[in-house]
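Inspection log for the structure reproduced underneath, given as structure tokens.
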Amino acid sequence: MRALLASVVVVLLWVTGAQAGIREALDAYQRGDFGGAVTACRGAAEQGDASCENLMGALFSEGRGVPKNDAEAASWFRKAADQGHGHACFNLGRAYLFGDGVKQSNEEAAKWYRKAAELHVPEGELGLGALMISVERNYREGLKWIRKAARQGLPTAEGMLGLAYEGGVGVKENPRTAAKWYLLGANHGDPISQTKLAGLYEDGRGLERDPAEAYFWYVVASRNPATPQKEHKVADDGAKRLSAKLTHEQLANADDAVRKFTSGNASAIRLPPEHGPKAPSANGPRLYATGSGFYVTTTGHVLTNNHVVADCGEVRITESEHSTPAKVLATDADLDLALVQLPHAVPTAVVFRESAPRLGENVVVMGFPLSGLLTSDAVVTTGIVSALAGMRDDKHRLQISAPVQPGNSGGPLLDPAGHLVGVVVAKLDGLRMASLTGAIPENVNFAIKGEEARSFLRAHGVGVVTAPSGKDLTTDVIAEQGLRYTVRLECWK
């Protein structure tokens, strides 16, 4: 169980305040300039800034920018954790679990993991659940916490749920449910999920037998730098075994898909191929990816991301039980926006907020993430505006802490009054950041600013309804309203 837990520390790559020190330090950290991160954050950490204390702990833990010193790392983590910094609570719990700079103690690890979990840090939820299973043998309670982490999109947690359902550990054995969790974990970069999913495709357990899909995931796992040596051999052997069973065309298509997937050029999650009577013909279109969008006028205009509709042979919008073909009217690849038109009017549309969102303001994300896997319904998550610019100080975007999954792209970002303040566009690639920095970024997600979306629509002759920031609504009321104008988009190729 311990081997499945991340051996890297978690660095908070978003902050709720505007402190220059931590922002400079995190920018440097993301660039791999660890000496610059130390310079920018040490002073603030010594003055009690919890985010900088956690970052200093991470730097000492990994020996980046400073000599590696586990005891010093644990000291910094404790200072931040004592202030209620959730990620520092996790990091301190991890130090106790592995005996890094402190005396090994499962009890202390569980204590700090629980504090992190109660602050909704998914790594803390996973750590607590794993300890409950491995130490207390409390599978029911342990899986409850692991499921919470998986629902936030933590790849290792998704893979662990897959293992539980495949093996009937703590739950009733269910290969189909195992396949769903493996598919989520595999798309999020978890190497165990990738090899396990490949095995299910190869054996036809929980999924239709599909040698080409099995080959695809074996190759992805073999190229994943996070794949453990044992799993790497499984992946290599599987790819070699299946390559002999596939046609030249099947191999070429799979290898091309692998290149796109591993380079980050895939627009959304890789869905299971269609099989049976509803499957497309050999020469017909296939559902390639899904995304989200929302009505901006009652005449059927829908706003989404450009990458959701780019290169699609056909775009369809799901309305109730029906899938309606839609026309792409305009795109902006730089902003990553697209305007789509339905052939009929719709009953309602989103209201844009007149003013810009504020740093630290609460926000709500709506969309159809991982459609058909977690649920076919819209999913609502909440968070805050954690920065007023995106990566590399991109002023067209906001940084948000609300959990975002593949398929959320193009969905609305709403303020506490239910008014639109942004268009969800992306999440930071945790696997690539871990490879670069040795730390897992937590809930670093982005949205295109609402004023940018309004300018894009105005440039293409589409007017929208606007309103000032209004009275705060409860999340359930915002969700009820959002369901009326948030839609699922399908890209067919």
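Sequential numbering from 409 applies to the sequence shown in the working numbering.
Backbone N, C-alpha and C fix where the C-beta goes; we use that ideal spot for every residue, glycine too.
| Distance, Cα to Cα, Gln602 vs Arg545? | The C-alpha of Arg545 is placed about 27 Å away from the C-alpha of Gln602.
| said: Once the 5 residues before and after Ala411 are set aside, which same chain residues still bring their CB inside 6 Å of it? | reply: Model confidence at Ala411 stands at a pLDDT of 44, short of 50, so the residue's coordinates are unreliable and nothing is read from them.
| query | What is the residue span of the alpha helix (DSSP H) that Phe442 lies within? | reply | Boundaries of the alpha helix (DSSP H) harbouring Phe442: Phe442 to Glu454, taken from the DSSP string.
| request: Report, in whole angstroms, the separation of the C-beta atoms of Asp441 and Ser469, which I expect to be a contact under 8 Å. | output: Their Cβ separation, rounded to whole angstroms, is 18 Å, which puts Asp441 and Ser469 out of contact at 8 Å.
| request: Would you mind listing the alpha helix (DSSP H) stretches within the segment 599 to 625 that are 4+ residues and don't spill past its ends, in chain order? | output: Listed in chain order, they are 599 to 611.
| task | Within the same chain, show all residues whose beta-carbon is closer than 6 Å to that of Glu533, passing over the 5 residues directly before and after it, in chain order. | result | In chain order, Ala525, Trp553, Lys556 and Ala557 place their CB closer than 6 Å to the CB of Glu533, counting only its own chain and leaving out the 5 sequence neighbours on each side.
| request: With distances taken Cα to Cα, identify the nearest neighbour of Tyr696 among Pro599, Pro777, Glu566 and Cys899. | output: The residue with the shortest Cα to Cα distance from Tyr696 is Cys899.
| Buried or exposed: where does His730 fall if 16 or more other Cβ atoms within 10 Å of its Cβ makes it buried? | His730 comes out exposed.
| said: Assuming Arg502 is part of the alpha helix (DSSP H), what are its boundary residues? | reply: Per DSSP, Arg502 belongs to the alpha helix (DSSP H) from Gly494 to Phe506.
| message | Let me check understanding here. Comparing Cα to Cα, which of Pro777, Arg805 and Val759 lies closest to Val704? | response | Selected option, being the one with the closest Cα: Val759.
| task | Identify the continuous beta strand (DSSP E) that holds Lys857 and give its terminal residues. | result | For Lys857, the enclosing beta strand (DSSP E) covers residues Asn853 to Lys857.
| query | By how many angstroms is the C-alpha of Glu566 removed from the C-alpha of Leu836? | reply | Model confidence at Leu836 stands at a pLDDT of 47, short of 50, so the residue's coordinates are unreliable and nothing is read from them.
| Which value, in whole angstroms, describes the spacing of the CA atoms of Ile808 and Val529? | The straight-line gap from Cα to Cα measures roughly 15 Å.
| task | Please confirm if Ser700 has its CB atom under 9 Å from at least one CB of chain C. | result | Looking for chain C here will not work: only one protein chain is present.
| said: If you measure between the beta carbons of His715 and Gly701, is that distance less than 9 Å? | reply: Contact flag unset, no.
| task | Can you tell me which of the three DSSP states Val833 falls into? | result | In the structure shown, Val833 sits in a strand (DSSP, three-state: E or B).
| request: Output the distance between the C-alpha atoms of Gly838 and Val510, rounded to the nearest integer angstrom. | output: Residue placement at Gly838 is poorly supported in this model, since its pLDDT is 41, which falls under 50; the coordinates are not used for a value here.
| query | When DSSP labels each residue in this structure, what does Gly732 get in the three-state scheme? | reply | The question names Gly, yet the displayed sequence has Thr at residue 732. DSSP places Thr732 in strand when its eight states are reduced to three.
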